[in-house]
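To keep things clear, I will list the structure first and then write my remarks on it.
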Amino acid sequence: MTYAYKLMNSPVGELKLVANGNRLAAILWENDKPNRVRLPESIEADDRPILLETERQLNEYFAGTRDRFDLEFDFQGTEFQKKVWAALLTIPFGETRSYSDIATQIGNINAVRAVGAANGRNPISIVAPCHRVIGASGDLTGFAGGLANKMFLLSLEAGQTSLEAAAESATASTTAAATAMASREAPAKPARPAPARGTQSSLFGN
């Protein structure tokens with residue numbers, strides 16, 4: 000079946016939801032690099048059921064009423080990448096893991112850099128929560144959606160009571176980092192988000 004996409008407005012910018020048949024293939028950022036996730040050409044289809052359901056669940060997530068997703072996935076990548084992405088799906092809502100943690104989980108403790116590369120190419124952002132992977136020292140490190148959005152998502156999951164509060168936290172973090180860079184000082188390490196209820200779905204679908 001033809002790949003199809005739907006555009007969705009969200010607190011972290013316009014998201015592009017992509018489906019392959021009745022499975023979710025990607026959630027891409029508004030300013031995503033063109034070659035970060037390689038997928039076949041797709042057509043716009045606002046009525047595809049999986050895309051409508053993905054949008055509904057994402058809206059609930061941003062509203063603070065959903066802490067896990069129930070969707071069928073179609074991950075396209077190497078076997079190693081799929082192992083990393085499967086590990087992402089097991090990180091509980093409101094918690095974080097390091098790249099080393101993920102490498103250990105997939106049984107290859109020396110593959111920390113490769114895990115980082117696979118994490119950076121995660122096609123299903125937010126739902127497969129690559130934003131929950133941080134540096135071993137607590138640094139946020141890189142993120143395809145931008146560090147402000149990464150902080151926004153972590154703040155939201157850490158128990159912020161409103162999107163405005165999470166946005167203020169993300170803005171404050173970004174400003175502090177910029178100030179530190181200007182003064183050639185290392186930015187303060189963000190606090191590790193407190194665990195919250197719920198776990199992420201770990202089913203890829205067959």
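Under numbering that gives the first Met the number 0, the residue at position 86 of the sequence shown is numbered 85, and the numbers go up by one with no gaps.
Where a beta carbon is used, it is the ideal one built from N, C-alpha and C, also for glycine.
Source: prediction; values computed, not measured.
{"Check": "Per DSSP, residue 61 is paired with what?", "Outcome": "DSSP output for residue 61 lists no bridge partner at all."}
{"Check": "Looking only at C-alpha atoms, which of 131, 58, 142 and 84 sits nearest to residue 32?", "Outcome": "142"}
{"Check": "Could you name the residues that DSSP lists as bridge partners for residue 7?", "Outcome": "14"}
{"Check": "What is the residue span of the alpha helix (DSSP H) that residue 101 lies within?", "Outcome": "98-104"}
{"Check": "In chain order, what residues of the same chain lie with their CB nearer than 6 Å to the CB of residue 105, ignoring the 5 residues before and after it?", "Outcome": "82 and 86"}
{"Check": "Using alpha carbons as the reference points, say which of 156, 145, 151 and 155 lies closest to residue 30.", "Outcome": "145"}
{"Check": "For residue 22, write down the residues that DSSP places opposite it in a beta bridge.", "Outcome": "19"}
{"Check": "What does the Cβ neighbour count give for residue 151, buried or exposed, with the cut at 16 atoms within 10 Å?", "Outcome": "buried"}
{"Check": "Quick check: what's the CA-CA separation for residue 53 versus residue 27?", "Outcome": "13 Å"}
{"Check": "Hey, out of 88, 91 and 125, whose CA is closest to residue 16's CA?", "Outcome": "125"}
{"Check": "Out of 48, 5 and 116, state which residue places its alpha-carbon closest to the alpha-carbon of residue 21.", "Outcome": "48"}
{"Check": "According to DSSP, is residue 54 part of a helix, a strand, or is it coil?", "Outcome": "helix"}
{"Check": "According to DSSP, is residue 40 helix, strand or coil?", "Outcome": "coil"}
{"Check": "Terminal residues of the continuous alpha helix (DSSP H) containing residue 80?", "Outcome": "78-87"}
{"Check": "Consult DSSP for residue 123 and reduce its assignment to one of helix, strand or coil.", "Outcome": "strand"}
{"Check": "Please report the distance separating the alpha-carbon of residue 114 from that of residue 120.", "Outcome": "10 Å"}
{"Check": "Give the secondary structure of residue 133 by DSSP, where H, G and I count as helix, E and B as strand, and everything else as coil.", "Outcome": "strand"}
{"Check": "Look at residue 44 and residue 123 and say whether their C-beta atoms are less than 9 Å apart.", "Outcome": "no"}
{"Check": "By the DSSP assignment, the alpha helix (DSSP H) with residue 152 in it spans what residues?", "Outcome": "146-156"}
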